[in-house]
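S.K.: Let me give you the structure first, and then I'll get to my questions.
2 protein chains.
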Amino acid sequence: MSNINIKKLAQELNLSTATVSRALTDNYQISSETKRRVLELAKSLNYEPNPFASNLRNQKSKTIAVIVPEVANHFFSLAINGIEEIARKRDYHVLIYQTHENSETEIAFTLKLLSGRVDGILISTSGETNNKQHLIEASQSIPVVFFDRVYEDIEGVKIITDDYESSYQAVQHLIEAGCKKIAYLLALHNLSTGEKRLNGYLTALKDNGIPFNKNLLVTSTVDSNQNYALIKNLLANNKPDGILSSIEELAFPCYYACRELNLNIPRDIKIISFSNLDCAPLLNPSLTTITQPAFEIGSEAAGILFKIFDKKCFEPNETRVLKSVLIKRESTAV
Amino acid sequence: MSNINIKKLAQELNLSTATVSRALTDNYQISSETKRRVLELAKSLNYEPNPFASNLRNQKSKTIAVIVPEVANHFFSLAINGIEEIARKRDYHVLIYQTHENSETEIAFTLKLLSGRVDGILISTSGETNNKQHLIEASQSIPVVFFDRVYEDIEGVKIITDDYESSYQAVQHLIEAGCKKIAYLLALHNLSTGEKRLNGYLTALKDNGIPFNKNLLVTSTVDSNQNYALIKNLLANNKPDGILSSIEELAFPCYYACRELNLNIPRDIKIISFSNLDCAPLLNPSLTTITQPAFEIGSEAAGILFKIFDKKCFEPNETRVLKSVLIKRESTAV
DNA sequence: ATTAGTGTTGTAATCGTTTGCGTAAATAAA
DNA sequence: TTTATTTACGCAAACGATTACAACACTAAT
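Chains A and B, in that order, give the protein sequences.
Using this note's numbering, the first residue of the first sequence is number 1, and each one after it goes up by one.
Using this note's numbering, the first residue of the second sequence is number 1001, and each one after it goes up by one.
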């Protein structure tokens, strides 16, 4: 730690700490000659103001927190990338917290963050439970922006994508490709994000006169082995001819299960997944995806947070919807 | 921000702030009855100590910084995952900084961090330039652990993988698969990481009596379009029958270039890449990789940083080498 | 009765910066 | 000459938590 502080600068220059502090912040009260001397010495000694002292005095941290289920996930790491870039422009610091989809962890994080450690929170919540009291408390206490994984019934600024439309469009695409038994891999069902994706699926089926078959609805878990088993079971026993996966994490298991069961994609079964995998075009076969603008979601969320800081007040319940894009590839070819 | 502090607790309970503070830290001087009262009130009011006040007083931040080139990269996001998990166990906070391979940015970050904002730094440096004075200054000032991308000639604790051996082994594998003109996609050449990978390639060639051909050595840039052009050019003009890519980022461009040029992998050309892509097995064809234990590198680095904090003193120049694994797949099939 | 010891609490300084208020000197206005 | 006004700086009190040093009451030992 740098042990050079304002007091030392002041001593060295025969000035008071007040004057040094003011000189460093280019206060009008200080003569330009004094400013020059202070700045020069500060630079030569590599002086950096102690952030904790400043934060304590100013009651702000120049820090934001990002809470996500996993860092090592294409969507979230892209979003973090977007967030970090915006934060950088404002000279803000970014704290990262992973919940691993664990609600308890998420609760502990959010509540701990209300101590003043951060000026605002960006969160994509774990949908594990319906426990959301902590989110309400948090957003009453400091600015919070929810992104992608949101509860619609919590007041707050939200950045989401057009989940319903994307999902609907995906099913439509499968149907046009000839699918008649379309399975849905359900996730995030406690969140409105998941709910909307499901609704898109259901409505698209109805609009096309296809009755809903509950055997074709697979609810995923946090355990990837179990998910794999569920998917294999679905394929083996219910023989769908199309799959819409509502999260990226279930796409690979589908591919593996098809291999194992000797099902040819897209001949025997067509697959679409919500996904930000940049290898989707290179998969065997290439994967049709609903791709969310992950980076933009992150930068948009961060941008709005800063606007809130700037008091360019936002509607407390504003929701911004970005568009996902359906990219058709071989996995749904006719 | 929570506006409840020790003073308010003290007032409420008719105690001094000193007593409250001691009660909260379970100090032996305080009667159990008083402790009970304090803890009870603190809990009911959701009291969280102001971190800046504590940090200022204690001269430590319970925060570490992670500096990486990119968050949205499989290797780094996995490493961050590992770091975050370890930090969590110690109740430390994790700040993230991306350099985007820009040396200036990296310098600015590291120097700013020496103000006491963090207790230690984990860094995987950008290899863009040979500018490393800031790294030396940083590690003289606070504990720094370098991971994966390191300069061998900087004093400090380093977590790396067996780059030389991995690279050597990869070339050996290509040769055994029948390759005679093996190209090398060079990256990180300013770092000892890159140097070792290159040396593994060169030595393996020599040991197999294959003369080095400088036309088969392609030096990558930070511009992905340019990299793609370089690779296509390599394939078109020099017709290698094998490629070793020293970083993950260049694997996809190889696949795309092969498609474009109608080259069949692995018939016309075999490919190996350093990579943590979890879709490697699902690519078309599946990609042979040298996979680094990214998560472990992160957790190991963080673990050592904490040991340094604990003053279980480390050799100041200790280097820990983890093993990568060569996973043979279709892209190098005979 | 005096001293020593124990158990519990309070006073006040400290961490490094920031900032309201005061002040001295210099200049301008009366 | 006296009275404003401006310019440039210092004093000292915050911010909230921690902790050395007292201090008090009370018991035990002498």
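All residues carry an ideal CB built from backbone N, CA and C; glycine is no exception.
1) When DSSP labels each residue in this structure, what does B/Gly1082 get in the three-state scheme?
2) Below 8 angstroms between beta carbons: does that hold for B/Leu1185 and B/Leu1250?
3) Using 8 angstroms as the threshold, is the C-beta distance between A/Ile64 and A/Asp119 below it?
4) So what does DSSP say about A/His189, is it helix, strand or coil?
5) Please classify A/Arg320: does DSSP put it in a helix, a strand, or coil?
6) Out of B/Ser1246, B/Val1094, B/Ala1236, state which residue places its alpha-carbon closest to the alpha-carbon of B/Gln1169.
7) Less than 8 angstroms between the CB atoms is what I'm expecting for B/Leu1039 and B/Ala1018, so what's the real figure, rounded?
8) My guess is that A/Thr319 and A/Ile121 are in contact by the Cβ rule of under 8 angstroms, so how many angstroms apart are they, rounded?
9) Taking the straight line between their C-alpha atoms, what separation do you get for A/Lys35 and A/Gln29?
10) Nearest CA to the CA of B/Ser1167: which residue from B/Cys1179, B/Asn1284, B/Ala1177, B/Leu1198?
11) Per DSSP, what are the beta-bridge partners of B/Tyr1097 in this structure?
12) Provide the residue span of the alpha helix (DSSP H) that contains A/Lys307, from first to last.
13) Cα-Cα, which of B/Glu1300, B/Val1171, B/Thr1289, B/Tyr1255 is closest to A/Pro281?
14) Going along the chain, which unbroken runs of the beta strand (DSSP E) with 3 or more residues stay wholly within the stretch 119 to 193 of chain A?
15) Between the beta-carbon of B/Val1171 and the beta-carbon of B/Gly1209, is there less than 8 angstroms?
16) Beta strand (DSSP E) containing B/Thr1219: first to last residue?
17) Cβ of B/Leu1045 within 8 angstroms of Cβ of A/Leu56?
18) From the beta carbon of B/Ile1173, is the nearest beta carbon of chain A less than 8 angstroms away?
19) Please classify B/Ser1286: is it buried, with 16 or more other beta-carbons within 10 angstroms of its beta-carbon, or exposed?
20) In angstroms with no decimal places, state the Cα-to-Cα distance between B/Gly1116 and B/Gln1059.
21) Would you check if the distance between the CB atom of A/Tyr97 and the CB atom of A/Val144 is smaller than 8 angstroms?
22) So, for A/Thr288: in the same chain, excluding its five sequence neighbours on each side, which residues have a beta-carbon less than 6 angstroms away from its beta-carbon?
23) Can you find a CB in chain B that lies within less than 8 angstroms of the CB of A/His134?
24) Going along the chain, which residues of its own chain have a beta-carbon closer than 7 angstroms to the beta-carbon of B/Gln1291, five neighbours each way excluded?
25) Kindly indicate the opening and closing residues of the beta strand (DSSP E) around A/Ser245.
26) From A/Ile243 to A/Ile175, what does the alpha carbon distance come to, in whole angstroms?
27) In three-state terms, what does DSSP make of A/Phe212?
28) Just curious, the alpha helix (DSSP H) that A/Thr34 is in, first and last residue?
29) Starting from B/Leu1230, trace the alpha helix (DSSP H) in both directions and tell me its first and last residue.
30) Residues of chain A with CB closer than 9 angstroms to the CB of B/Gln1169, please, in chain order.
31) Out of B/His1093, B/Lys1132, B/Ile1080, point me to the one whose CA is closest to B/Asn1102's CA.
32) Going by CA-CA distance only, name the one from B/Asn1317, B/Asn1262, B/Asn1227, B/Ala1236 that's closest to B/Phe1252.
33) Identify the continuous beta strand (DSSP E) that holds B/Lys1270 and give its terminal residues.
34) Near B/Leu1041, what residues of its chain come up, given a Cβ to Cβ distance below 7 angstroms and the 5 sequence neighbours on each side ignored?
35) If you count every other CB in all the chains shown that lies within 10 Å of the CB of A/Val321, and 16 or more means buried, which is it?
36) Would you mind telling me which residues of chain A sit closer than 8 angstroms to B/Asn1284, beta carbon to beta carbon, in chain order?
M.R.: Inspection of the coordinates gives the following:
1) In this structure, B/Gly1082 counts as helix in the three-state DSSP scheme.
2) yes
3) yes
4) The three-state reading of DSSP puts A/His189 in coil, since its state is none of H, G, I, E or B.
5) DSSP places A/Arg320 in the strand class (E or B) of the three-state scheme.
6) B/Ser1246
7) In this structure, B/Leu1039 and B/Ala1018 do not form a Cβ contact; the two beta carbons are roughly 16 angstroms apart against a cut-off of 8 angstroms.
8) At roughly 17 angstroms, the Cβ-Cβ gap does not stay under 8 angstroms, so A/Thr319 and A/Ile121 are not in contact.
9) 10 angstroms
10) B/Leu1198
11) According to DSSP, which records beta bridges pairwise, B/Tyr1097 is partnered with B/Ile1067.
12) Run containing A/Lys307: 294 to 309, per the alpha helix (DSSP H) assignment.
13) B/Tyr1255
14) Fully enclosed beta strand (DSSP E) runs of 3 or longer: 120 to 123, 144 to 147, 157 to 161, 182 to 186.
15) Not closer than 8 angstroms, so no.
16) 1217 to 1219
17) no
18) For clarity, residue 1173 of chain B is His in the given sequence; the question names Ile instead. So no, B/His1173 is outside the interface.
19) Burial is judged here by how many other beta carbons sit within 10 angstroms of a residue's own beta carbon; B/Ser1286 has at least 16 and is buried.
20) 8 angstroms
21) no
22) Excluding five sequence positions before and after A/Thr288, the CB atoms of its chain that fall closer than 6 angstroms to its own CB belong to Ile272, Lys328, Arg329, Ser331, Thr332, given in chain order.
23) no
24) The sequence shown places Thr at residue 1291 of chain B, not Gln. Only Ser1275, Asn1276, Ser1324, Val1325, Ile1327 meet the Cβ criterion.
25) 242 to 245
26) 11 angstroms
27) The answer is coil: DSSP assigns A/Phe212 none of H, G, I, E or B.
28) 32 to 44
29) 1224 to 1238
30) What B/Gln1169 touches in chain A: nothing, since even the nearest Cβ is about 24 angstroms away.
31) B/Lys1132
32) Ranking B/Asn1317, B/Asn1262, B/Asn1227, B/Ala1236 by Cα distance to B/Phe1252 puts B/Asn1227 first.
33) 1270 to 1274
34) If the five residues before and after B/Leu1041 are omitted, its C-beta is found closer than 7 angstroms to the C-beta atoms of Leu1009, Glu1012, Leu1013, all from its own chain and listed in chain order.
35) exposed
36) Within chain A, the residues near B/Asn1284 are Leu282, Leu283, Asn284, Pro285, Ser286.
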